[in-house]
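Be aware that the sequence shown starts at 21, since it is given in our numbering, and climbs by one per residue. For reference, the structure is listed below as structure tokens.
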Amino acid sequence: MSEWLLPTIDQNACTSCGACVTYCPTSAVEMRGAYPEIVRPADCAYCGDCEEACPSDAIVLVYEIVAPEADAD
């Protein structure tokens with residue numbers, strides 16, 4: 021992967037409950053104003069705990085599937 025993947029937080033769907041902050045095992049998520057943000061991207065383990073804890077499905081983890089390159093033979 022060429023880019024650092026982080027969970028995306030849809031502020032329109034977010035209810036500001038703070039569950040993602042509570043369940044983040046690395047404290048990478050904090051409330052900033054009314055909404056959560058990934059404030060320490062390097063600490064995000066991309067574990068999915070925030071996505072699972074979110075009652076409004078406002079957090080999504082995207083996974084990249086990489087297919088092996090075909091042999092040139």
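C-beta: ideal position from N, C-alpha, C; glycine also. Values in this document were obtained by computation on a predicted structure and should not be read as measured data.
Non-local C-beta neighbours of CYS34 in its own chain, meaning closer than 6 Å and more than five positions away in sequence, comprise TYR55 and ALA78, ordered along the chain.
The beta-carbon separation of CYS74 and CYS40, rounded to 6 Å, stays under the 8 Å limit for a contact.
Straight through space, the alpha carbons of ALA87 and VAL59 are spaced by roughly 32 Å. Around the beta carbon of ASP69, 16 or more other beta carbons lie within 10 angstroms, which makes this residue buried.
In the displayed model, PRO27 falls within coil according to three-state DSSP, outside both helix and strand. The alpha helix (DSSP H) runs lying completely inside the segment 54-93 and spanning 4 residues or more are 69-73, given in chain order.
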